[in-house]
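Novice: Dumping the structure here so I can ask a few things about it.
There are 4 protein chains.
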Amino acid sequence: MKPNLQQIIEFCHSNTIIDTLGITVNPCNDSIYLELLIEERHTNFCDICHGGVLTTMADTAMGIVCNAQNKSVVTMSLSIDFIKPVLLKTKIVAVPKIIHNGRQTMVCECDIVDDNKKLYAKVHATFFVIGKFIKTE
Amino acid sequence: MKPNLQQIIEFCHSNTIIDTLGITVNPCNDSIYLELLIEERHTNFCDICHGGVLTTMADTAMGIVCNAQNKSVVTMSLSIDFIKPVLLKTKIVAVPKIIHNGRQTMVCECDIVDDNKKLYAKVHATFFVIGKFIKTE
Amino acid sequence: MKPNLQQIIEFCHSNTIIDTLGITVNPCNDSIYLELLIEERHTNFCDICHGGVLTTMADTAMGIVCNAQNKSVVTMSLSIDFIKPVLLKTKIVAVPKIIHNGRQTMVCECDIVDDNKKLYAKVHATFFVIGKFIKTE
Amino acid sequence: MKPNLQQIIEFCHSNTIIDTLGITVNPCNDSIYLELLIEERHTNFCDICHGGVLTTMADTAMGIVCNAQNKSVVTMSLSIDFIKPVLLKTKIVAVPKIIHNGRQTMVCECDIVDDNKKLYAKVHATFFVIGKFIKTE
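Residue numbers (our numbering), protein chains in the order written: chain V, -16 to 120; chain R, -16 to 120; chain D, -16 to 120; chain B, -16 to 120.
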């Protein structure tokens, strides 16, 4: 049994930081994408999106693909390489991928790209599986 | 010549994400500390502070100690190990440290701790030096 | 102007650690692959290849793809996620990829796989460009 | 019950890579230090010790401090920041430290320094606890 898209979307919004930052949660073709239009409130100096915002998006997006495997996870370690600055008004999307789907741990990566697939940052993380995403089965 | 505390504090607030998240910038003994009281808007599920918020604090705090050396920097790569969940209502502070102060690159680390020095996350990052922090000298 | 395969192969062997560990350097279709058959001397306890050996292969393989772009590089930071243990007698190959080809910095990733493309470890690293690979042009 | 130094030293040498690279295992004041005199066989180009050798030392040294807590561990993820090149004939030592001593996971860091405490590289890693180090208690 796996959770449906609606269950995961609701869970995303229970991550209140998602709404605090104005990250949108979009279902598309059986998947869910996190998107963000960079506004002034997301920036550091020079009108560049703060790296912490990209990390927040990526961490959440990777958590979602774990959830879609019916696994509830916590992040153990995460690393991010910043490749290009994300300028004000850019719309970015987080594209996560499962690298290892283990019983006790998972490894994921996530690209932060724009609509033209230009790569801005690449993230890798290890997750600890704390149980099933859907408890009542 | 090095920047004074007031110049750095002003710069911190030009990182609008700091104010978006409600992170406070406190001068203390010739240093500057970033502090945050975890509220609901910072959390993910289970009333735990989202890892992206901790990363944002740490990245900014490490940037500040680079600035205090009169260097303007951008983050190249950052990694974070999550040690304990930061629960709602906890007050955390980011404690950065310079590991390597090079001409072209800097390496820093940052502890995320509470008032009792309990360690919640440990971050390390490499920075690229793009110029002097105070341009008009 | 770019270096030819023979120049890069010779450079690889000037990395004496490659020969110390018995890593083979194989040209194939305009690329170069680093391969290793895990012997007892590469292992830690339980007949599993030591993670440091995988890191050595990956770091060198990523350096090679930078060199092929006529860039001489040094590694600034590297991180590795271990996915499956590499058992004694397994033959592994390092598959590097350039993520960002900048003037001053490069970002690469590298998969450690076996002949069946099974993934054992995933590495990513940032490199500092110290000059051209072929000095006499 | 905790393992004694002699049990850990023996275990170190069952990591055959340690002997392959000529890393020495020295007990000192209830602790164990891994030391290495950089020879030509450890180098890459320009007579600099290969980063993979430093990673191997650090990974093993961190494993040892976990073992000393009577925990048998495997490395899940590791990241290393390279700070200064380690030149031929330098004698380096790995200084590990436990950051988090959990039931299922551990987080450690490790400095690579010389006799004058000069820092060459800093490593962080997460470990998965697979059982007790001493099985027959």
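Ideal Cβ positions, reconstructed from N, Cα and C, are used throughout, including at glycine.
Quantities reported herein were computed from a predicted structural model and do not represent experimental measurements.
Relative to the alpha-carbon of LEU71 of chain B, which residue among B:VAL36, B:VAL90, B:ASN9 and B:THR88 has its alpha-carbon at the smallest distance?
Specialist: B:VAL36
Novice: Flag VAL90 of chain D as yes if its beta-carbon sits less than 8 Å from any beta-carbon of chain V, otherwise no.
Specialist: yes
Novice: Applying a beta-carbon distance threshold of less than 8 Å, which residues of chain R neighbour PHE111 of chain D?
Specialist: GLN87 and THR88
Novice: What are the boundary residues of the beta strand (DSSP E) that includes THR43 of chain D?
Specialist: THR43 of chain D -> not in any beta strand (DSSP E); alpha helix (DSSP H) instead, spanning 34 to 50.
Novice: Can you tell me whether DSSP reads ILE0 of chain B as helix, strand or coil?
Specialist: helix
Novice: Counting only beta-carbon separations shorter than 8 Å, does ASN(-2) of chain B have a partner in chain D?
Specialist: yes
Novice: Would the beta-carbon of LEU17 of chain D fall within 8 Å of that of VAL96 of chain D?
Specialist: no
Novice: Run through the stretch 44 to 103 of chain V for me and flag every whole beta strand (DSSP E) of 3 or more residues, listed as ranges in chain order.
Specialist: 54 to 65, 74 to 84 and 88 to 97
Novice: Output needed for CYS32 of chain R: all residues of its chain with C-beta closer than 7 Å, excluding positions within five of it in sequence on either side, in chain order.
Specialist: These residues qualify, in order along the chain: ILE21, HIS25, THR26 and VAL69.
Novice: In the structure shown, what three-state DSSP assignment does ILE117 of chain V receive?
Specialist: coil
Novice: With H, G and I counted as helix, E and B as strand and the rest as coil, what does DSSP make of GLU(-7) of chain D?
Specialist: helix
Novice: For ASP94 of chain B, tell me which candidate among B:SER55, B:SER(-3) and B:ALA41 has the shortest Cα-Cα distance.
Specialist: B:ALA41
Novice: For GLU22 of chain B, does the three-state DSSP call read helix, strand or coil?
Specialist: coil
Novice: Whole angstroms is fine: what's the gap from HIS107 of chain R's alpha carbon to LEU61 of chain R's?
Specialist: 6 Å
Novice: Consider the Cβ of VAL36 of chain D: report whether some Cβ of chain B lies at a distance smaller than 8 Å.
Specialist: yes
Novice: Could you check if ASP13 of chain V is buried or exposed, using at least 16 other CB atoms within 10 Å of its CB as the buried criterion?
Specialist: exposed
Novice: Taking CB distances under 8 Å as the criterion, tell me whether LYS126 of chain R reaches chain B.
Specialist: Residue 126 of chain R is absent from the model: chain R starts at -16 and stops at 120.
Novice: Excluding sequence positions up to five away, which residues of its chain have a Cβ less than 6 Å from the Cβ of MET45 of chain D?
Specialist: PRO79, CYS91, CYS93 and ALA108
Novice: Distance cutoff 8 Å, beta carbons only. Does MET45 of chain D sit that close to anything in chain R?
Specialist: For MET45 of chain D, no Cβ of chain R is located within less than 8 Å of the residue's own Cβ.
Novice: Would you verify that the beta carbon of GLU23 of chain R is, or is not, closer than 8 Å to some beta carbon of chain V?
Specialist: The beta carbon of GLU23 of chain R falls within 8 Å of a beta carbon belonging to chain V, placing the residue at that interface.
Novice: Taking Cβ positions only, does SER62 of chain R come closer than 8 Å to chain B?
Specialist: yes
Novice: Taking the alpha-carbon positions, what's the CYS29 of chain R to GLU23 of chain V distance?
Specialist: 29 Å
Novice: Of the choices V:ASN50, V:THR39 and V:LEU19, whose alpha-carbon is the least far from that of LEU(-12) of chain V?
Specialist: V:ASN50
Novice: Starting from ASN9 of chain R, trace the beta strand (DSSP E) both ways and give me its first and last residue.
Specialist: Its beta strand (DSSP E) spans residues 7 to 11.
Novice: List the residues that DSSP assigns as beta-bridge partners of LEU(-12) of chain D.
Specialist: Bridge partners of LEU(-12) of chain D: none, in fact.
Novice: Using alpha carbons as the reference points, say which of B:THR43, B:LYS101 and B:THR73 lies closest to PHE(-6) of chain B.
Specialist: B:THR43
Novice: Against MET59 of chain V, what residues of chain B qualify as contacts under a CB-to-CB distance less than 8 Å, listed in chain order?
Specialist: MET59, SER60, THR88 and THR109
Novice: For VAL48 of chain D versus ILE81 of chain D, is the C-beta distance shorter than 8 Å?
Specialist: yes
Novice: Strictly under 8 Å for the Cβ-Cβ distance: is ILE66 of chain D near chain V by that measure?
Specialist: yes
Novice: Name the chain D residues whose beta carbon is nearer than 8 Å to that of HIS83 of chain V?
Specialist: ASP64, ILE66, LYS67 and LEU102
Novice: Please list, in chain order, the chain R residues whose beta carbon lies closer than 9 Å to that of LYS105 of chain B.
Specialist: ILE82, HIS83, VAL90, GLU92 and HIS107
Novice: Distance check for ILE6 of chain B and LYS67 of chain V, CA to CA, integer angstroms please.
Specialist: Taking the straight line from one Cα to the other gives about 40 Å.
Novice: VAL57 of chain B and PHE110 of chain B look like a contact to me (Cβ under 8 Å); what is the Cβ gap, rounded to whole Å?
Specialist: 7 Å
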